[in-house]
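In my numbering, the protein residues as written are 22 to 147. Data first, discussion second: the structure below is written as structure tokens.
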Amino acid sequence: MAHSPTERPLVLVVEDEYLIRTHAAEVIRDAGYEVIEASNADEAILLLETRQDIRVVFTDIQMPGTMDGLKLAHAVRHRWPPVHIVATSGHHPGQDGDFPLGTVFLPKPYSHHQIESTLDTLTAPQ
């Protein structure tokens, strides 16, 4: 589902591995979304604190730094409740009790279709 240029929701992609981050960002842009990128949770928090227009955080779970993707997901849910969360991992099993309410888990490797349909569902008008 392509979005018009005036209504393109903003997705924050948080991934420490450059190639994976840029690939995910490209797939998300191709699906009709605006994208900003962060290489760790600390950068993501700074962006969330300065940007009011982020609709979705698309984060890897295993990342170096002061917090991993799970802690980031909980921080987002606590501080920015309207922001949707998509968590991804190739190693973490993605058990429901680990994530804040409403988090969508996409195991790696994920497909272009999985990313697009997940984002379309999360950002659809209510």
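Heads up, the beta-carbon is just placed ideally off N, CA and C, and yes, glycines get one too.
C-beta atoms of residue i and residue j nearer than 8 Å
| i | j | result |
| --- | --- | --- |
| Leu143 | Tyr54 | no |
| Ala145 | Phe126 | no |
| His44 | Val77 | no |
| Ala46 | Glu64 | no |
The alpha helix (DSSP H) enclosing residue i, as first and last residue numbers
| i | result |
| --- | --- |
| Val48 | 39 to 51 |
| Thr139 | 133 to 144 |
| Thr71 | 62 to 71 |
Proximity to residue i [Cα-Cα], best of the options
| i | options | result |
| --- | --- | --- |
| Leu122 | Lys129, Gln135, Pro102 | Pro102 |
| Ile66 | Asp51, Arg50, Lys92, Thr43 | Lys92 |
| Glu38 | Ile136, Asp74, Glu64, Ser60 | Ser60 |
| Ile41 | Ala62, Ser110, His134 | Ser110 |
| Gln83 | Tyr131, Glu36, Ile136 | Glu36 |
| Ala94 | Phe120, His133, Ala52 | Phe120 |
| Ile49 | Phe79, Glu70, Ala96, Arg100 | Phe79 |
| Gly86 | Ala62, Val56, Gln73 | Ala62 |
| Leu68 | Arg100, Ala52, Asp51 | Arg100 |
| Glu70 | His133, Met88, Lys129, Ala96 | Ala96 |
Residue range of the unbroken beta strand (DSSP E) whose run includes residue i
| i | result |
| --- | --- |
| Glu55 | 55 to 59 |
| Pro128 | 125 to 128 |
Residue i beta carbon near the ligand GTP (any heavy atom closer than 7 Å)
| i | result |
| --- | --- |
| Asn61 | Only the bare structure without any ligand can be found here, which leaves the ligand GTP out of the picture. |
Cβ contact check for the segment 27 to 47 and the segment 113 to 120: 3 or more pairs under 8 Å
no
Please give the ranges of any beta strand (DSSP E) in the segment 73 to 121, keeping only runs that are unbroken, at least 3 residues long and fully inside the region.
75 to 81, 105 to 110
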